[in-house]
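Visitor:
Chains as they are written, first to last, in my numbering: chain D, 1 to 107; chain G, 108 to 233.
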């Protein structure tokens, strides 16, 4: 199985801050990497697919980059509604696997 | 607009079978280039992919659960179902259904979960 490691596991930042979350795969996954936002009681939301493609309807302050084993999700200017847990997920091979999550809190 | 909604018993006894359904509204579960997936999240833990069924009918399961899992589709009801046998406390989790779509154009070959349900909590306890 491909192991996905996210860091940090949690962070606290102020509104307007630039936030970066890192995801590392245990082997190369090319650009088969997706990012999701989870909030309690709500349906998870796709943010980024294929490492860097912004899903329709997602604010442009979200961006993704990387290929191979190292990936990042960046929120350019953190907003109150971005308080959530973020997960990366590889779609390179089965079984599909997720990172451990990064909880983002607003100071 | 396609929507997914999970349903099923919130409490299952140990050693019994967990059965959930995911109702698809606003679109047909049998059309398009999709797979239909189950994913779970134990309290305080990360996401675990359980398995999927393609619109072709072929299935693919997580090896960690494969011996206990069956995923199927009822096209007449436009529903996805999950059966997990011999459950234990470790199977307590929020269970999500999700649609996996294959990208188009430049992104042909890239698959991603573009639609999820809100999830349903299943507790395994006597």
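The C-beta atom is built at its ideal place from N, Cα and C for all residues, glycine as well.
1) Assuming residue 127 of chain G and residue 188 of chain G are in contact, meaning their beta carbons sit under 8 Å apart, how far apart are those beta carbons, in whole angstroms?
2) Give the straight-line distance between the Cα atoms of residue 8 of chain D and residue 216 of chain G, rounded to the nearest whole angstrom.
3) Can you give me the C-alpha to C-alpha distance between residue 210 of chain G and residue 142 of chain G, rounded to a whole angstrom?
4) If you scan the stretch 8-41 of chain D from start to end, which runs of the beta strand (DSSP E) of 3 or more residues do you find wholly inside it?
5) Chain D partners of residue 185 of chain G, CB-CB under 9 Å?
6) So residue 32 of chain D contacts chain G; which residues on that side make the cut at Cβ distance below 7 Å?
7) Based on DSSP bridge pairs, tell me the residues matched to residue 138 of chain G.
8) Run the CB neighbour count on residue 118 of chain G, radius 10 Å, all protein chains shown included, and call it buried at 16 or more, exposed below.
9) Tell me which residues of the stretch 3-20 of chain D have at least one Cβ-Cβ distance to chain G shorter than 7 Å, keeping chain order.
10) For residue 97 of chain D, which residues in chain G fall below 8 Å Cβ to Cβ?
11) For residue 31 of chain D, which residues of its own chain have a beta-carbon under 6 Å away from its beta-carbon, when the five flanking residues on both sides are left out?
12) What I want to know is whether the C-beta of residue 226 of chain G ends up closer than 7 Å to one or more non-hydrogen atoms of the ligand NAD.
13) Since I believe residue 85 of chain D is in contact with residue 74 of chain D (beta carbons under 8 Å), could you give me their beta-carbon distance rounded to a whole number of angstroms?
14) For residue 190 of chain G, which residues does DSSP report across the bridge?
15) Among G:167, G:208, G:191, which one has its Cα closest to the Cα of residue 80 of chain G?
16) What in chain G is Cβ-close to residue 101 of chain D, meaning under 8 Å?
17) Hey, could you find the ends of the beta strand (DSSP E) residue 48 of chain D is sitting in?
18) Check the Cβ of residue 210 of chain G against every Cβ in chain D and list those closer than 9 Å, keeping chain order.
19) Return the residue from the list D:6, D:61, D:24 that minimises the CA-CA distance to residue 80 of chain D.
20) What would DSSP say about residue 84 of chain D, mapped onto helix, strand or coil?
Guide: Considering the structure as presented:
1) For the purposes of this step, residue 127 of chain G is identified with residue 20 of the second chain, where counting begins at 1. For the purposes of this step, residue 188 of chain G is identified with residue 81 of the second chain, where counting begins at 1. That pair is a contact at about 7 Å.
2) Position 8 of the first chain, counted from the start, is the residue given in the question as residue 8 of chain D. Position 109 of the second chain, counted from the start, is the residue given in the question as residue 216 of chain G. Whole-angstrom Cα-Cα distance: 30 Å.
3) As a working note, residue 210 of chain G is residue 103 in the second chain. As a working note, residue 142 of chain G is residue 35 in the second chain. Distance from the CA of residue 210 of chain G to the CA of residue 142 of chain G, rounded to the nearest whole angstrom, comes to 12 Å.
4) Listed in chain order, the beta strand (DSSP E) runs fully inside the stretch 8-41 of chain D are 10-13, 19-25, 33-38, counting runs of at least 3 residues.
5) Position 78 of the second chain, counting from 1, holds the residue named residue 185 of chain G. Ordered by position in chain D, no residue passes the 9 Å Cβ test against residue 185 of chain G, which lies about 18 Å from the chain.
6) Counting from 1 along the first chain, the entry for residue 32 of chain D is found at position 32. Correct list: 217.
7) To locate residue 138 of chain G, count along the second chain from 1; it is residue 31. In DSSP, residue 138 of chain G forms no bridge with anything.
8) Position 11 of the second chain, counted from the start, is the residue given in the question as residue 118 of chain G. The residue in question, residue 118 of chain G, is exposed, as its Cβ has fewer than 16 Cβ neighbours within 10 Å.
9) Hits within the stretch: zero.
10) As a position in the first chain, residue 97 of chain D is number 97, starting the count at 1. Residues of chain G whose Cβ lies closer than 8 Å to the Cβ of residue 97 of chain D are, in chain order, 156.
11) In the first chain, counting from the first residue as 1, residue 31 of chain D sits at position 31. Excluding residues within five positions, the ones whose Cβ falls inside 6 Å are 50, 51, 67.
12) As presented, the structure is devoid of all ligands, the ligand NAD included, so that no description of it is given.
13) One-based indexing of the first chain puts residue 74 of chain D at position 74. One-based indexing of the first chain puts residue 85 of chain D at position 85. That pair is no contact at about 16 Å.
14) Position 83 of the second chain, counted from the start, is the residue given in the question as residue 190 of chain G. Residue 190 of chain G pairs with G:126, G:177.
15) Limits of chain G in this structure are 108 at one end and 233 at the other, which puts residue 80 of chain G out of reach.
16) Within the first chain, numbered from 1, the residue matching residue 101 of chain D stands at position 101. By Cβ distance, chain G contributes 153, 154.
17) Residue numbering aside, residue 48 of chain D sits at position 48 when the first chain is read from its first letter. Following the DSSP letters along the chain, one finds residue 48 of chain D inside the beta strand (DSSP E) bounded by residues 45-49.
18) Position 103 of the second chain, counting from 1, holds the residue named residue 210 of chain G. In chain order: 49, 50, 53.
19) Your numbering for residue 80 of chain D matches position 80 in the first chain. Minimum Cα distance to residue 80 of chain D is reached at D:61.
20) Looking up residue 84 of chain D in the first chain gives position 84. Residue state for residue 84 of chain D is assigned as strand, using DSSP reduced to three classes.
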